[in-house]
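>
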Amino acid sequence: MPDPLADKDNARIVEAKAHEQPFGLHAAGGTPDWRIWLGLSITFVWLATLATYVEHAISWRYIYDAPIEQVGNFLEGAFAPLAFLWLVIGYFLQKKELTQNTDAIKMQYVEIQKSAEQAVIQSDAISRQAFLQVAESVKQQLGAIAAFLFLSSQATNESGVVSQEQIGELWGNLNNSDPEGFSRSMLQIRASHGPRYAYKLLWGTPIRTRHSKNFIFNFERLLAEAQDVDAKGMIRDALLGSAHGRLYQWMLDTRETPPEGITHGVFDFDPDSVDDDEPA
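Going by our numbering, the sequence shown opens with residue 112, and the numbers climb by one from there.
Right, here's the structure in full:
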């Protein structure tokens, strides 16, 4: 997600950039910086004062006739204040350039940070898009497993409530655009019978048990992938709320808490009998 502090710094730097002076010794418009003018003025006044002092207090003749070491000492003392003055002016000019360079580096950092954030967002979007494409294939696979589970009880059971025409229609929808048709049909049958028959639909035979385990295995892998690409869990919640998700939850519930009188994994009952009453 975008960093509000980085955006704030970026706005401040852009605003400063619009009002900043260009690098170097000149201000806006190409005129010399005011510090240069100040330094030149002080230098001119100092040189004029120094010349007046030499002329009236020492005389130029003395300067001409003085030994070189005395002239050197005189010039060293005379120009030391000017050297210090221009050292200070140079420091402030350099400080200004360093500040501008720092702001420019900050702007580059903010832009790089934004580019990195955009790359992360694009990467997440690509990952989600790839997941959604894979999820469609997995939903088709889950639909086929639910179809085999449905047919194992309804296609061979004389008391089944689904006709061959309806089964053919469900297969057609599965191959076209409705991979959850058989899962919804299983949920409808469950709603119209008691808990014992509902258990038998999923775990009543070794074949149904194998289909249910296969369904749970593939659906849980889909949930794990959804959690990886969507930290907020919206895709995962949507999967659990679908027909496949409700069938998955039903499988877990009946496996963990089978009806009274039934032991999970033991097939000592008629898997196709519709016995909604409690066992004797």
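Just so you know, even glycine gets a beta-carbon here, dropped at the ideal spot from N, CA and C.
These numbers come from a predicted model, not from an experiment.
Starting from residue 302, trace the alpha helix (DSSP H) in both directions and tell me its first and last residue.
Looking at the DSSP string, the run of the alpha helix (DSSP H) that includes residue 302 is 292-302.
> Classify residue 344 as buried or exposed, calling it buried when 16 or more other Cβ atoms lie within 10 Å of its own Cβ.
Counting Cβ neighbours within 10 Å, residue 344 comes out exposed, since fewer than 16 surround it.
> Is it right to say residue 250 is buried, meaning 16 or more other beta carbons lie within 10 angstroms of its own, or is it exposed?
Classification for residue 250: buried.
> Using three-state DSSP, classify residue 396 as helix, strand or coil.
Nothing about residue 396 can be read from this structure; the chain reaches only from 112 to 391.
> Are residue 358 and residue 263 close, meaning C-beta to C-beta below 8 Å?
The answer is no: Cβ separation not under 8 Å.
> Would you identify the three-state DSSP class for residue 279, choosing helix, strand or coil?
Helix.
> Within this structure, are the beta carbons of residue 310 and residue 365 separated by less than 8 Å?
Yes, the Cβ-Cβ distance between residue 310 and residue 365 is below 8 Å.
> What's the call for residue 290, buried or exposed, on a 16-neighbour Cβ count within 10 Å?
Buried, since its Cβ has 16 or more Cβ neighbours within 10 Å.
> Could you tell me the alpha carbon to alpha carbon distance between residue 168 and residue 153, rounded to whole angstroms?
Distance between the alpha carbons of residue 168 and residue 153 is about 22 Å.
> Determine whether the beta carbon atoms of residue 340 and residue 238 lie at a separation below 8 Å.
Cβ atoms of residue 340 and residue 238: closer than 8 Å.
> Is residue 364 helix, strand or coil by DSSP?
It is helical.
> Going by the beta-carbon positions, is the gap between residue 146 and residue 209 smaller than 8 Å?
No.
> On the three-state DSSP scale, how would you describe residue 381?
Three-state result, residue 381: coil.
> Given a threshold of 16 other Cβ atoms within 10 Å of its Cβ, counted over all protein chains shown, does residue 173 qualify as buried or as exposed?
The residue is exposed, with fewer than 16 neighbouring Cβ atoms inside 10 Å.
> For the stretch 310-328 and the stretch 223-243, state whether three or more C-beta atom pairs, one from each stretch, are separated by less than 8 Å.
Too few Cβ pairs lie closer than 8 Å, so no.
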